[in-house]
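Residue numbers (my numbering): 1 to 302. See structure below.
Okay, here's the thing in structure tokens:
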């Protein structure tokens with residue numbers, strides 16, 4: 001056993017179980033080396049508190065990978081302890097799961113409040129509520145939202161963890177003037193949330209015609225749009241428009257195509273972890289480092 005592993009075991013014996021992030025802070029090690037050392041030591045146990053789900057990433061061959069990344073899963077959603085700490089490990093993991101679910105529910109409620117506040121002052125809001133549905137997607141729908149600070153994409157300002165992915169689908173005959181009014185209202189609310197609460201809204205408004213075009217699943221941006229429409233949940237507006245969108249997603253065979261990509265991503269994840277644990281691996285050249293150090297954990301929405 002080398003010095004690094006002895007230090008990890010000593011820290012866990014005194015303070016464990018710990019999240020990957022807490023262990024990283026305690027050891028001051030490089031995160032990949034810490035993950036490797038923990039995974040290779042047989043007396044160290046893990047309890048994963050989150051689930052894995054499909055993300056589409058331009059930087060990955062075939063576009064499909066699992067989220068969270070190996071690094072994010074280890075730091076945020078994994079408890080590390082000794083085999084003698086199994087009871088405490090499982091108890092703390094249950095607590096973490098409840099906390100993550102609570103964060104997701106809080107962010108879901110914040111997203112709905114933002115939508116309600118945006119729509120309320122519009123003069124003809126009844127027409128919008130008749131011809132539009134507001135959807136929530138991203139980490140929230142998987143109960144995987146977190147509060148780890150990160151920079152907002154456009155400004156670099158630090159925000160509180162997972163963003164709020166909101167998609168608005170409108171009937172083709174909603175007037176452009178009303179659509180513009182809605183766009184301005186949501187954008188104003190986006191700015192207020194960023195400044196006052198350090199919460200990020202990422203939103204997009206699209207027509208049913210645009211949805212049908214994207215359901216061709218033929219280019220990367222359309223694939224991402226399909227994935228988001230498949231996972232999205234109803235937030236506000238007309239449930240009939242929401243049902244129409246989900247019917248179209250089903251008719252175009254999107255769920256089956258996404259499940260196939262998810263299986264592919266799961267196999268790649270297993271291969272990546274196995275390769276990164278090989279003692280002879282030249283990690284700076286590993287084909288799988290992009291599944292450990294991902295450029296971003298959020299989807300762009302299209």
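Don't be surprised by glycine CBs; every beta carbon is placed ideally from N, CA and C.
C-alpha gap between residue i and residue j, whole angstroms
| i | j | result |
| --- | --- | --- |
| residue 45 | residue 18 | 11 angstroms |
| residue 303 | residue 267 | A question about residue 303 goes unanswered here, because the residues of the chain that appear run from 1 up to 302. |
| residue 96 | residue 142 | 15 angstroms |
| residue 139 | residue 257 | 20 angstroms |
| residue 235 | residue 165 | 11 angstroms |
| residue 293 | residue 73 | 11 angstroms |
| residue 22 | residue 63 | 31 angstroms |
| residue 264 | residue 61 | 11 angstroms |
| residue 15 | residue 37 | 18 angstroms |
| residue 154 | residue 191 | 12 angstroms |
| residue 174 | residue 122 | 14 angstroms |
| residue 43 | residue 86 | 11 angstroms |
| residue 118 | residue 40 | 51 angstroms |
| residue 189 | residue 49 | 33 angstroms |
| residue 129 | residue 260 | 35 angstroms |
| residue 302 | residue 71 | 26 angstroms |
| residue 185 | residue 201 | 13 angstroms |
| residue 245 | residue 276 | 41 angstroms |
| residue 217 | residue 248 | 13 angstroms |
| residue 271 | residue 262 | 14 angstroms |
| residue 107 | residue 67 | 19 angstroms |
| residue 65 | residue 29 | 26 angstroms |
| residue 274 | residue 210 | 41 angstroms |
| residue 102 | residue 231 | 19 angstroms |
| residue 167 | residue 223 | 15 angstroms |
| residue 280 | residue 32 | 15 angstroms |
| residue 332 | residue 25 | Residue 332 is absent from the structure shown; the chain starts at 1 and stops at 302. |
| residue 187 | residue 84 | 52 angstroms |
| residue 250 | residue 213 | 14 angstroms |
| residue 136 | residue 219 | 23 angstroms |
| residue 183 | residue 99 | 33 angstroms |
| residue 162 | residue 300 | 13 angstroms |
Start and end residues, alpha helix (DSSP H) containing residue i
| i | result |
| --- | --- |
| residue 79 | Residue 79 -> not in any alpha helix (DSSP H); beta strand (DSSP E) instead, spanning 78 to 82. |
| residue 20 | 20 to 27 |
| residue 99 | 86 to 119 |
| residue 4 | 3 to 15 |
| residue 245 | 239 to 251 |
| residue 192 | 176 to 197 |
Endpoints, beta strand (DSSP E) assigned at residue i
| i | result |
| --- | --- |
| residue 134 | 132 to 137 |
| residue 255 | Where residue 255 is concerned, there is no enclosing beta strand (DSSP E), although the alpha helix (DSSP H) it sits in stretches over 254 to 276. |
Bridge partners - residue i, DSSP secondary structure assignment
| i | result |
| --- | --- |
| residue 219 | In the DSSP output, where bridge partners are listed per residue, residue 219 has none listed. |
| residue 126 | The partner list for residue 126 (beta bridge, DSSP) is empty, contrary to what the question assumes. |
| residue 207 | 170 |
| residue 53 | 67 |
| residue 44 | 82 |
| residue 236 | 134 |
| residue 160 | 149 |
| residue 228 | Answer is none; residue 228 lacks a bridge partner. |
| residue 201 | 164 |
Proximal residues to residue i (C-beta, below 8 angstroms), its chain only, five neighbours per side dropped
| i | result |
| --- | --- |
| residue 157 | 151, 194, 198 |
| residue 51 | 142, 143, 144 |
| residue 131 | 170, 171, 173, 174, 238, 241 |
| residue 127 | 174, 175, 178 |
| residue 125 | 119 |
| residue 269 | 52, 65, 66, 70, 291 |
Contacts around residue i, its chain only, beta-carbon distance under 7 angstroms, and the 5 residues preceding and following it disregarded
| i | result |
| --- | --- |
| residue 160 | 147, 149, 198, 199 |
| residue 27 | 7, 8, 11, 34 |
| residue 116 | 236 |
| residue 105 | none |
| residue 77 | 48, 49, 50, 68 |
| residue 318 | A query on residue 318 cannot be resolved here, the shown segment of the chain reaching from 1 to 302 and no further. |
| residue 290 | 59, 60 |
| residue 278 | none |
Own chain residues within Cβ distance below 6 angstroms of residue i, not counting five before or after
| i | result |
| --- | --- |
| residue 75 | 20, 21 |
| residue 47 | 79, 89, 93 |
| residue 4 | 37 |
| residue 365 | Limits of the chain in this structure are 1 at one end and 302 at the other, which puts residue 365 out of reach. |
| residue 242 | 133, 234 |
| residue 254 | 226, 230 |
| residue 221 | 302 |
Checklist entry - Per the contact definition of three or more C-beta pairs closer than 8 angstroms, is the stretch 172 to 179 in contact with the stretch 205 to 225? => result yes
Next on the checklist: Can you confirm whether the stretch 56 to 72 touches the stretch 103 to 113 when touching is taken to mean that 3 or more C-beta pairs between the two stretches lie within less than 8 angstroms?
Outcome noted: no
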